[in-house]
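Here the sequence shown is numbered in this note's numbering, starting from 10 and rising by one per residue.
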Amino acid sequence: MDGIELREPCHIGEFVREIVEGHGLNVSSGARHLRVTRQALSTLMNCNGGLSSEMGLRLEKAFGVKMDTLMRMQTAWEIAEARKREDEVLVERFAA
């Protein structure tokens with residue numbers, strides 16, 4: 010057995026889109042329900058921005074998805090994106 014192959018995390022916006030559309034809402038009606046701007050929800054759902062803790066709380070209150078879970082998904086995606094650019098970070102290990 011060669012080990013477990015992990016999938017790359019999806020952008021949280023893809024998951025939020027499934028939640029919102031799964032409840033029969035579009036961006037405009039979802040934004041109204043969450044009491045955010047249409048632009049804010051659209052940016053998130055189109056994977057052009059990240060999840061704020063406030064938006065996470067609004068999604069939890071509206072749809073019952075734990076904010077903690079959403080924030081962990083956001084962090085996992087950010088870590089995966091940073092790892093893709095690891096070779097571009099030109100920092101050497103500090104030697105005491």
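We treat Cβ as the ideally placed atom computed from N, Cα and C, and that holds for glycine.
- Within its own chain, the residues whose Cβ lies closer than 8 Å to the Cβ of GLU87, once the five positions on either side in sequence are excluded, are GLY59, listed in chain order.
- Counted as a single uninterrupted DSSP element, the alpha helix (DSSP H) harbouring ALA91 occupies residues 76 to 93.
- Excluding five sequence positions before and after GLY39, the CB atoms of its chain that fall closer than 6 Å to its own CB belong to VAL29, LEU50, given in chain order.
- Within the segment 14 to 61, the runs of alpha helix (DSSP H) at least 4 residues long that lie entirely inside it are, in chain order, 21 to 31, 36 to 43, 47 to 54.
- Selection GLU101, ALA105, PHE103, LYS93 evaluated against PRO18 yields LYS93 as nearest (Cα-Cα).
- Annotation: ARG26 to ASP77 spans about 18 Å, alpha carbon to alpha carbon.
- Going by C-alpha positions, PHE24 is about 16 Å away from SER62.
- The beta carbon of THR52 is closer than 7 Å to those of GLY58 in its chain, skipping five residues each way along the sequence.
- Rounded to whole angstroms, the gap between the alpha carbons of GLY22 and CYS56 is 5 Å.
- The C-alpha of THR84 is placed about 19 Å away from the C-alpha of VAL98.
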